[in-house]
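Asker: Here the protein sequences line up with chains A and B, keeping their order.
In this text, residue positions in the first sequence follow our numbering: the first is 989, and each later residue adds one.
In this text, residue positions in the second sequence follow our numbering: the first is 21, and each later residue adds one.
C-beta: ideal position from N, C-alpha, C; glycine also.
I'd like to ask you about the structure that follows.
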Amino acid sequence: SQKIEQNSEALNIQEGKTATLTCNYTNYSPAYLQWYRQDPGRGPVFLLLIRENEKEKRKERLKVTFDTTLKQSLFHITASQPADSATYLCALRNNAGNMLTFGGGTRLMVKP
Amino acid sequence: EAQVTQNPRYLITVTGKKLTVTCSQNMNHEYMSWYRQDPGLGLRQIYYSMNVEVTDKGDVPEGYKVSRKEKRNFPLILESPSPNQTSLYFCASSLQELSTDTQYFGPGTRLTVL
């Protein structure tokens, strides 16, 4: 069966460190993968998209990698700040189909 | 301001009483969709629409209806709500059929069915 897995346990890190979040998938052939940020009680906000033929994408303090062999994407926030505390969702679109499927999200807590 | 709006934001209702959650976007987006979010299950797509008069089922369409008569509006209809439809609902839109476009999400509607 198809699965998108993110660590359901919260990730706690110290301010200034790099946060690394993982998104693993099985039985998908993703055309691309997206990362979203969600704050409590709010809708997800798009952060980054990486295509299947791209290895890495950066945007300011954010970096996403995509390994289609390992079937994994890593999401990094460098020099993390307490304001980065939120739930981060990965989502992927299969090559076949018109839907975007989301992982369960990982909650990140950055302590000052 | 470019945005997706949903109404109502909060709704408590009883089993069997038909309700509609409205969704509207002002960005001239072609693609719109509805999701529900439940603890431990993440965001699951209910229905989506690639353009006016074109709708299709997502992962969890049972018990829901949608319509897309105009580009900007995509209402979600629960003809006979049941307690298992208690959830947080999000509407989203993007410029075209996903492609590489950003999906913009509404603020959410928290529905409780008693």
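(1) Write down the C-beta distance between A:Asn995 and A:Thr1010 rounded to the nearest angstrom, noting that I regard them as a contact closer than 8 angstroms.
(2) Return the CA-CA distance between B:Tyr84 and B:Ile66, expressed in angstroms with no decimal places.
(3) Measure the CB-CB distance between B:Leu96 and B:His49 and report whether it falls below 7 angstroms.
(4) Between the region 35-52 of chain B and the region 63-78 of chain B, do at least 3 Cβ pairs fall closer than 8 angstroms?
(5) Give the DSSP-derived three-state secondary structure of B:Asn104 in the structure shown.
(6) In the DSSP assignment, what residue or residues form a beta bridge with A:Lys1099?
(7) Which residues in the same chain as B:Ser102 place their Cβ atom closer than 7 angstroms to its Cβ, once the five residues preceding and following it in sequence are excluded?
(8) Compute the distance between the beta-carbons of B:Gln23 and B:Ser113, then report whether it is under 7 angstroms.
(9) In terms of residues, what are the limits of the beta strand (DSSP E) holding B:Gln45?
(10) Taking the alpha-carbon of A:Lys1099 as reference, which of A:Glu1003, A:Glu993 and A:Ala998 has the nearest alpha-carbon?
(11) When you compare each of B:Gln123, B:Arg29 and B:Thr40 to B:Leu108 by their alpha carbons, which one comes out closest?
(12) For A:Ala1019 versus A:Glu1040, is the C-beta distance shorter than 7 angstroms?
(13) For A:Ala1067, collect the residues of the same chain with a Cβ closer than 7 angstroms to its Cβ; drop the 5 residues on either side in sequence, then sort them by chain order.
(14) Determine the DSSP secondary structure at B:Asp79, reduced to helix, strand or coil.
(15) When the Cα atoms are used, what is the spatial distance from A:Glu1044 to A:Asp1027?
Answerer: Inspection of the coordinates gives the following:
(1) About 6 angstroms separates the Cβ atoms of A:Asn995 and A:Thr1010, confirming a contact at the 8 angstroms cut-off.
(2) Taking the straight line joining both Cα atoms gives about 8 angstroms.
(3) Against a cut-off of 7 angstroms, the Cβ pair of B:His49 and B:Leu96 comes out as no contact.
(4) Counting Cβ pairs under 8 angstroms, three or more are found: they touch.
(5) B:Asn104 falls in the helix class under three-state DSSP.
(6) BP columns for A:Lys1099 point to A:Gln1002.
(7) Listed in chain order, the non-local C-beta contacts of B:Ser102 below 7 angstroms within the same chain comprise Thr35, Gly83 and Val133, local neighbours out to five positions each way being set aside.
(8) No, these two residues do not count as a Cβ contact at 7 angstroms.
(9) Here the beta strand (DSSP E) through B:Gln45 covers Leu39 to Gln45.
(10) Among A:Glu1003, A:Glu993 and A:Ala998, the Cα nearest to that of A:Lys1099 is on A:Glu1003.
(11) Minimum Cα distance to B:Leu108 is reached at B:Arg29.
(12) Taking a C-beta distance under 7 angstroms as the contact criterion, A:Ala1019 and A:Glu1040 qualify as a contact pair.
(13) Hits under 7 angstroms: Gly1004 and Arg1049.
(14) B:Asp79: coil per DSSP, three-state reduction.
(15) Rounded to the nearest angstrom, the two C-alpha atoms are 25 angstroms apart.
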